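Taken in sequence, the protein lines are chains Z and G.
Here this note's numbering is used: the first residue of the first sequence is 24, the next is one more, and so on.
Here this note's numbering is used: the first residue of the second sequence is 985, the next is one more, and so on.
Virtual Cβ for every residue (Gly too), placed ideally from N, Cα, C.
In this text, all values refer to a predicted model and were calculated from it rather than measured experimentally.
Okay, so here's the structure we're looking at.
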Amino acid sequence: MQLPESYVFFSQPKINSGKNAMEHIYVELASMDARKPLVLASRQVTERGLTKKFIKSLYDSNVVIGSLYDEVYPYHYACISQLNDLVELFKARGCDSIIAIGGGSVVDLAKGVNIAVSNSGNIMDYAGTNTIQKRLKPFIYVSTGHCGGTETSNEAYIENRRFVSDFLFPDVIILDNRMITARTRQRAAEASMVALTAAIESCAVPYNNPMNDLYANVAINFIYENLLGVVKKPGSKTGNLALANAYAMAGISFSNIPPGIVYSLGIAIARDTGLPRGQCMGFLLPLSLEHRVMKNESIRGELLYALLGTEGYCRVPEKERTSTSITILRQFVNDLGGLLPKSLKEMRVNKYKFEEYARQASEMSMKRVTQKDCMQLLDIAWEGIA
Amino acid sequence: MNIDRYPEIPPKDKFIKKAYVAIMLWIVGRAMQAASRVDPVVKEEFSHLRDNFLLRLWVAPNGPSMFVGKDKNGKVKYMGWNPRGKKTTLDMQIKGIEQAVLMFTFQESTAVATSNDRLIVSGDLDDACAIVRILDIVEIFLLPKIITKLAVKRYPKWSQMSPLRKYVGRVLVYIRAFTV
């Protein structure tokens, strides 16, 4: 690994993973001078008894839960009316911090509430990149394993608009094995694909960022080694905890680079069709790497290192590292069986909208990817993986 | 939105766990005092600590605590649980009652608990290391091998602690801890 001439890396969250991690929440809140959080969760989280476990973890502490709002729909987008209600609740109860339990829109909503209560004016004024100028209230994210894959990143989607700011990182990420429970194989595959895309696109770029690579490589390795196990046995505690760790690291890694082609296209397609992001990104990922090889663009050998570890990496000759990593990745996606679609045709995406998707993806990636590349990839993805 | 549907939730107390940890702290405190009189290694460890040494081992934020320190004559003494009027030189804080239960039910050894970020220590690191070593020896005296193995970093071999020292020490520590 070479030291680049210059690089920038930022990571706000403290990760607390493992047994009794939730019992550390009151210490973390106290260290941020907070003791009355607003807790957001989805109805599913309550139905599975996880909010009860959370409340019990705060017994015998100085933390009073300002309010527990558990009516967020986890796989819908965060909407402004619900956000306004929560801002009112936050202020009425005199809360000083926010805790989100779950994933997807719960976290988006929590980040939205945090923007609204920490800043003045209309929340939609803060949409876009780096529009938030001051530190927000303490925010703790408690993972339940059911997530979209980028909860730990510096972005949020509210009313389908993207908010990006380093202030949107959670302050603390709690990965407690009591909270990370079994989920459907489909959800595990989709969330993992989002995280895998984020991690690979943040480390497979031609220039390297050593800190980013560390996070991304661990995330890729955890997903590669544990996803198939979790798909076979969704109740696996160790596997689910490893995946939750991978999502956390992928989110942080992804926040330090502009989105890549697969992530941007995945978001654009998901936004338009309402399909889960993971489904769109899953099969696009190996195709995009192959597309890059076809264009004689380099893919760093470290990708193979992340997938196979030191021994596997050393066994493959230097010239074959790129092709081997793509083959492994393709095989990995195939091994997921029928959990992910294999082409855009199968997903019934409208072909005439490709140009619009390409334009949106190019804009989201801050022109890092061109519309032409996006169109080429979409054309290949129409027929998909053979 | 009807705000009353989402009331405040104050934290409840965990009385049973607190009582269990309080009893364990009392036993450990008394046993440390007894071991300092009975066992030459514990005596040696304490002799290197400063004259006004006072340890507070407690459970945050408002859980049970114990004080063990040297009195005016330099003798090691269990000094109860009340912090009033005491000036500690070494403060070992267990982050919460659940973490304390993990430690005192021997699911986690002191070393593992420290590495899992369950303890906050204020004071000299030398003193803290000495106390961890003393706690290990005290646990060896107090508990049968099968449990102690879970609680200490390394269970001593015969060459490190002779059976005579162990069993005689165990009897004397129990007698002194619960009687004197």
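Residue 95(Z) vs residue 60(Z) beta-carbon contact at 8 Å | no
Should residue 268(Z) and residue 198(Z) be called a contact, given that it needs their Cβ atoms to be closer than 8 Å?
-> yes
Measuring CB to CB, does residue 56(Z) end up less than 8 Å from residue 74(Z)?
-> no
Quick one: which residues of the segment 1037–1060 of chain G get their C-beta closer than 9 Å to a C-beta of chain Z? List them in chain order.
-> 1043, 1044, 1045, 1046 and 1047
Alpha carbon to alpha carbon, what distance is there between residue 168(Z) and residue 263(Z)?
-> 7 Å
Taking one C-beta from the segment 1128–1136 of chain G and one from the segment 1081–1091 of chain G each time, how about it: are there three or more such pairs within less than 8 Å?
-> yes
Can you tell me where the alpha helix (DSSP H) with residue 236(Z) in it begins and where it stops?
-> 233–255
Kindly indicate which three-state DSSP category residue 156(Z) falls into: helix, strand or coil?
-> coil
Please state whether DSSP places residue 389(Z) in a helix, a strand or coil.
-> coil
Same chain only: Cβ atoms within 7 Å of residue 1071(G), ignoring 5 sequence neighbours per side | 1038
What three-state label does DSSP hand residue 203(Z) in the structure shown?
-> coil
In chain G, which residues lie less than 8 Å from residue 70(Z) when you measure between Cβ atoms?
-> Ordered by position in chain G, no residue passes the 8 Å Cβ test against residue 70(Z), which lies about 17 Å from the chain.
Please confirm if residue 116(Z) has its CB atom under 8 Å from at least one CB of chain G.
-> yes
Cβ pair residue 1121(G), residue 1025(G) closer than 8 Å = yes
Could you tell me which residues DSSP puts in a beta bridge with residue 1162(G)?
-> According to DSSP, residue 1162(G) bridges with nothing at all.
Use the C-beta contact count for residue 385(Z): other C-beta atoms within 10 angstroms, 16 or more gives buried, fewer gives exposed.
-> buried
Look up residue 1061(G) in the DSSP assignment and give the residues it is bridged to.
-> 1053(G)
Beta carbon of residue 30(Z) nearer than 8 Å to that of residue 232(Z) = yes
Taking DSSP as the reference, what is the three-state secondary structure of residue 1044(G)?
-> coil
Find the residues of chain Z that neighbour residue 993(G), judging by a C-beta separation of less than 9 Å, and give them in chain order.
-> 62, 78, 81, 87, 88, 89, 90 and 91
Can you tell me which of the three DSSP states residue 64(Z) falls into?
-> strand
Is the Cβ-Cβ distance between residue 122(Z) and residue 62(Z) less than 8 Å?
-> yes
Apart from the five residues on each side of it in sequence, which residues of its chain come closer than 6 Å, Cβ to Cβ, to residue 278(Z)?
-> 176 and 177
Which residues mark the beginning and the end of the beta strand (DSSP E) in which residue 1076(G) is found?
-> 1074–1078
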